[in-house]
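Okay, so the first sequence: first residue is 15 according to my numbering, each after it adds one.
Taking it in order: structure first as structure tokens, then the write-up.
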Amino acid sequence: MPELPEVETIRRHLEAAVLGRRILAARTHRRDLRRPFPAKLATRITGRRIAALERRAKYLIVRLEGGIALLVHLGMSGRILIGPADARVEPHVHFTLDLDDERRVNLQDPRRFGMVDLVPDDKLAEHPLLRGLGPEPLAPAFNGPALAKMLEGRGTSIKAALMDQRRVAGLGNIYVCEALFRAGISPKRKAGSVTGDRADRLAVAIKTVLADAIDAGGSTLRDHRLPSGELGYFQHHFAVYDHEGEPCPGCDCKTGIKRIVQGGRSTFYCAKRQK
DNA sequence: AACAAGACCTGCATGC
DNA sequence: TGCATGCAGGTCTTGT
Numbered sequence: 015m016p017e018l019p020e021v022e023t024i025r026r027h028l029e030a031a032v033l034g035r036r037i038l039a040a041r042t043h044r045r046d047l048r049r050p051f052p053a054k055l056a057t058r059i060t061g062r063r064i065a066a067l068e069r070r071a072k073y074l075i076v077r078l079e080g081g082i083a084l085l086v087h088l089g090m091s092g093r094i095l096i097g098p099a100d101a102r103v104e105p106h107v108h109f110t111l112d113l114d115d116e117r118r119v120n121l122q123d124p125r126r127f128g129m130v131d132l133v134p135d136d137k138l139a140e141h142p143l144l145r146g147l148g149p150e151p152l153a154p155a156f157n158g159p160a161l162a163k164m165l166e167g168r169g170t171s172i173k174a175a176l177m178d179q180r181r182v183a184g185l186g187n188i189y190v191c192e193a194l195f196r197a198g199i200s201p202k203r204k205a206g207s208v209t210g211d212r213a214d215r216l217a218v219a220i221k222t223v224l225a226d227a228i229d230a231g232g233s234t235l236r237d238h239r240l241p242s243g244e245l246g247y248f249q250h251h252f253a254v255y256d257h258e259g260e261p262c263p264g265c266d267c268k269t270g271i272k273r274i275v276q277g278g279r280s281t282f283y284c285a286k287r288q289k
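Spelled out as structure tokens, the structure:
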């Protein structure tokens, strides 16, 4: 499910809804997701207040008082929903936090590709899952030259390079396709050939598509929900993603939007407009 | 070292 | 109706 805009949307809504609340009870409802839940997780976080909500790439970081943080990844199908603390636990809800205002935070993830870890604040920066991540694309320092440098010498496709979290952090299949369309760059182009003006255009396209998607609450194809249960609606603004066979919104070409497979994932693009 | 392919899981749409 | 197939927002591991 979630790429950077979906995680950022969830982060913002959680910040408004649960910042400062105390965890009265925490429960895991199975022993693992993609990886095991940390040992004694519930015991170690019970009684603590939620001190900050942050995001790095597609990871949500829930800082708790006392110098520890939950590191959460939502995989493909994960959501975080807030509901009443006395409600029945829904199917596929694997982790719950009962708060001091009679509400419950539910982590629901049918495919269980997500994960939760518990990390001391001073160990976060060197955590194995965060250590190797590339730059945040919405940071001011991310620009054409910085992007070109990350892509320098890469023989792989620009599509595959942008999907690689070590190069740019937080992009996934949807927003890579959409950014390449906005920048007029073919997904098949060699990553290392994206330099100069092209890299400038791509950096701007990445920033704007992410910002637009965050403004729209992310994209709900199937699973993504805001913590309130509301849908995101950026899917209505896709130019190419999931639009195989439809006319290209940017030109009058006859072929329309094509779908190819790169690295086992669908890529959508306009062969005329993207070079 | 870089890159592609396979594995991990469930649910849903499609077609026979 | 039932069953098989393929596909889905991501990463991690394995093999070339």
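For glycine and all other residues, C-beta sits at the position ideal for the given N, C-alpha and C.
Please read all numbers here as calculations on a predicted model, not as lab measurements.
Asked                                                                                                                                                                         : Found
Taking the straight line between their C-alpha atoms, what separation do you get for residue 140 and residue 133?                                                             : 10 Å
Start and end of the alpha helix (DSSP H) containing residue 241?                                                                                                             : Looking at the DSSP string, residue 241 is not in any alpha helix (DSSP H), and its letter there is neither H nor E.
Could you give the uninterrupted runs of the alpha helix (DSSP H) lying entirely in the stretch 22–72, keeping only those of 4 residues or more?                              : 55–59
Just list the residues that DSSP pairs residue 279 with in beta bridges.                                                                                                      : 276
So what does DSSP say about residue 84, is it helix, strand or coil?                                                                                                          : strand
So, for residue 157: in the same chain, excluding its five sequence neighbours on each side, which residues have a beta-carbon less than 8 Å away from its beta-carbon?       : 214 and 217
Can you tell me which residues form a DSSP beta bridge with residue 96?                                                                                                       : 119
For residue 284, count neighbouring C-beta atoms within 10 Å of its own C-beta (all shown protein chains included) and say buried if the count is 16 or more, exposed if not. : buried
Tell me which residue opens and which closes the beta strand (DSSP E) that residue 129 is part of.                                                                            : 129–134
Does the distance from the C-beta atom of residue 62 to that of residue 80 stay below 8 Å?                                                                                    : yes
Taking only the alpha-carbon atoms, compute the straight-line gap between residue 57 and residue 193 and give it to the nearest angstrom.                                     : 43 Å
Below 8 Å CB to CB, which residues in the same chain sit around residue 231 once its five sequence neighbours on both sides are set aside?                                    : 23, 240, 244, 245, 246, 247 and 248
Roughly how many angstroms separate the alpha carbons of residue 149 and residue 159, rounded to a whole number?                                                              : 13 Å
With distances taken from CA atoms, which of 147, 86 and 169 is nearest residue 51?                                                                                           : 86
I'd like the ranges of any alpha helix (DSSP H) spanning at least 4 consecutive residues and lying wholly in the stretch 179–258.                                             : 187–197 and 210–229
Measure the alpha-carbon distance for residue 210 versus residue 195 and round it to whole angstroms.                                                                         : 18 Å
What residues in its chain sit with their C-beta under 8 Å from that of residue 222, if we drop five residues either side in the sequence?                                    : 196
What is the rounded straight-line gap between the Cα of residue 117 and the Cα of residue 100?                                                                                : 8 Å
Look at the alpha carbon of residue 228 and the alpha carbon of residue 45, and state the distance between them as a whole number of angstroms.                               : 33 Å
Using 8 Å as the threshold, is the stretch 123–130 in touch with the stretch 274–282, meaning 3 or more CB pairs across them?                                                 : no
Can you tell me which of the three DSSP states residue 77 falls into?                                                                                                         : strand
Residue range of the alpha helix (DSSP H) that residue 143 falls in?                                                                                                          : 142–145
Assuming residue 176 is part of the alpha helix (DSSP H), what are its boundary residues?                                                                                     : 172–177
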